[in-house]
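Engineer:
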Amino acid sequence: MKGGKLIVFSAPSGSGKTTIVQHLLKQKDLNLAFSVSCTSREARGDEKHGENYYFISLRDFKQHIKNDDFLEWEEVYRDNFYGTLKSEVERIWSQGKNVIFDIDVAGGLRIKKKFPDKTLAVFVKPPSIDELKIRLKKRKTESDERINMRIAKASVELATAPQFDKIIKNYDLEIALQEAHDLVADFINK
Ligand code: 5GP
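Our numbering applies: residue 7 is where the sequence shown begins, and numbers increase by one.
#1: At 3 residues or longer, and completely inside the stretch 83 to 169: list those beta strand (DSSP E) runs for me, N to C.
#2: Would you mind giving the Cβ-Cβ distance between V3 and L77, rounded to the nearest angstrom? I have them listed as a contact below 8 angstroms.
#3: Going by beta carbon distance, what residues of the same chain come within less than 7 angstroms of Y177, once the five residues before and after it are set aside?
#4: Using DSSP bridges, identify the partner residues of A39.
#5: With a threshold of 8 angstroms, are at least 3 pairs of Cβ atoms found where one atom belongs to the stretch 105 to 116 and the other to the stretch 15 to 23?
#6: Pick helix, strand or coil for I194, following the three-state DSSP scheme.
#7: Taking 8 angstroms as the cut-off, decide whether the C-beta atoms of T147 and G51 are in contact.
#8: At a cut-off of 7 angstroms, would you count A112 as near the ligand 5GP, judging by its Cβ distance to the nearest heavy atom?
#9: Can you find at least 3 beta carbon pairs, one from the stretch 47 to 64 and one from the stretch 155 to 175, that sit closer than 8 angstroms?
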């Protein structure tokens, strides 16, 4: 595979990484396209197939694993698989664009390891675990059980932050957005 750069944003869910990624996608100077992942989980709210995710069955997901179609994949939560298809990155590179990923910590580090020079791996840090809980509850898209599952995972994920190239503290969204833009612009123009 050759082509543009890879920009990875990883963080515990509720940290605001999706907001940051969506903001960066609107910045024309960065020439980014979103890597649409496959997932075996159900669509939430107004999520769309092919836009937020490729929503596929667990069976199809496992077939892709067998076929070695994924650049990386993870069982992020029990029976909820997520993965990046190699073909997705190739599709974006063939359009002459840089790829931006909104993926979990393990997947993000795996991409960095596969493409060390082409990848900027950014970790988005939430103010605290308590704040994370408040944000996830505000979203009102999931049960308490699933929220607790995400919180438990968040503590483990926070410990991996030092392995990333850069850490953005998302305490003030406006500042985090500006910082994210500047980091990505610097890396792309390098
Ligand atoms: P959610 O269910 O909230 O959309 O995503 C759960 C977690 O899975 C998030 O941290 C999200 O970034 C991560 N994720 C989404 N797509 C991928 C992927 O392709 N690979 C990996 N490893 N994680 C992903």
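Using N, Cα and C, we set each Cβ at its ideal position, and we do this for glycine too. Note that this is a predicted model, so its numbers are computed, not measured.
Structural biologist: Let me spell this out:
#1: 86 to 91, 104 to 108 and 125 to 131
#2: This structure leaves residue 3 out entirely; the chain is present only between 7 and 196.
#3: Closer than 7 angstroms at the Cβ level, and outside the excluded window around Y177, lie P133.
#4: V105
#5: Flag = yes, the stretch 105 to 116 and the stretch 15 to 23 touch.
#6: helix
#7: yes
#8: yes
#9: Too few Cβ pairs lie closer than 8 angstroms, so no.
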